[in-house]
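Peer 1: Dumping the structure here so I can ask a few things about it.
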Amino acid sequence: MDLIYIDPPFKSNRNYEVFWGEAQEEASFQRPLWGCQSIHSLYAPACEGAYRVLKKTGSFYYHCDWHASHYVKVMLDEIFGVNFFHNEITWKRSDSHNDA
Numbered sequence: 278m279d280l281i282y283i284d285p286p287f288k289s290n291r292n293y294e295v296f297w298g299e300a301q302e303e304a305s306f307q308r309p310l311w312g313c314q315s316i317h318s319l320y321a322p323a324c325e326g327a328y329r330v331l332k333k334t335g336s337f338y339y340h341c342d343w344h345a346s347h348y349v350k351v352m353l354d355e356i357f358g359v360n361f362f363h364n365e366i367t368w369k370r371s372d373s374h375n376d377a
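Using the numbering used here, read the sequence shown as starting at 278 and increasing by one per residue.
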């Protein structure tokens, strides 16, 4: 695998709903996600699976917010090794503009 991007729910204090198909079948979940133990127990298995299939030249991106980033970094260092991390990408959010 050349590229893996993971965007799990993180400590946003929100309930998430996903609608599937035309019948608007609802699948929703609510999880209290905080603390290192919660992040590790919920997401380490998926990241370990990603590590097994990722090529040595591949890239792995884990999307999270500032509440979880330091916990995620420690978890990923345990799985991928401390030399695997290259950089952190941050987003600058702004209000939408109606000037297009």
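C-beta atoms are modelled at their ideal positions from N, C-alpha and C, and glycine is treated no differently.
Only a predicted model underlies this, so the values are computations on that prediction, with no experimental measurement involved.
Which residue from Ile316, Ile283, Tyr282 puts its Cα closest to that of Ala345?
Peer 2: Measuring from the Cα of Ala345, the nearest candidate turns out to be Ile316.
Peer 1: In this structure, how does DSSP classify Leu280 when only helix, strand and coil are distinguished?
Peer 2: Strand, per DSSP.
Peer 1: Which word fits Val359, buried or exposed, when buried means at least 16 other C-beta atoms lie within 10 angstroms of its C-beta?
Peer 2: Exposed is the call here.
Peer 1: Please work out which residues of its chain come closer than 6 Å, Cβ to Cβ, to Ser336, disregarding the five sequence neighbours upstream and downstream, and give them in chain order.
Peer 2: Closer than 6 Å at the Cβ level, and outside the excluded window around Ser336, lie Leu280.
Peer 1: Which same chain residues end up closer than 6 Å to Cys324 when comparing Cβ atoms and leaving out the 5 residues on each side of it in sequence?
Peer 2: Taken in chain order, the residues that qualify are Ile356.
Peer 1: Three-state secondary structure (DSSP) at Ser336?
Peer 2: Three-state DSSP puts Ser336 in a strand.
Peer 1: Would you kindly report the start and end of the unbroken alpha helix (DSSP H) that includes Val224?
Peer 2: Nothing about residue 224 can be read from this structure; the chain reaches only from 278 to 377.
Peer 1: Whole angstroms are fine: how far does the CA of Met352 sit from the CA of Gln314?
Peer 2: So the two alpha carbons sit approximately 10 Å from each other.
Peer 1: Check Pro322 in the structure and name its three-state DSSP category.
Peer 2: Three-state DSSP puts Pro322 in a helix.
Peer 1: Measuring CB to CB, does Tyr328 end up less than 8 Å from Pro285?
Peer 2: Their beta carbons are not under 8 Å apart, which means Tyr328 does not touch Pro285 by this criterion.
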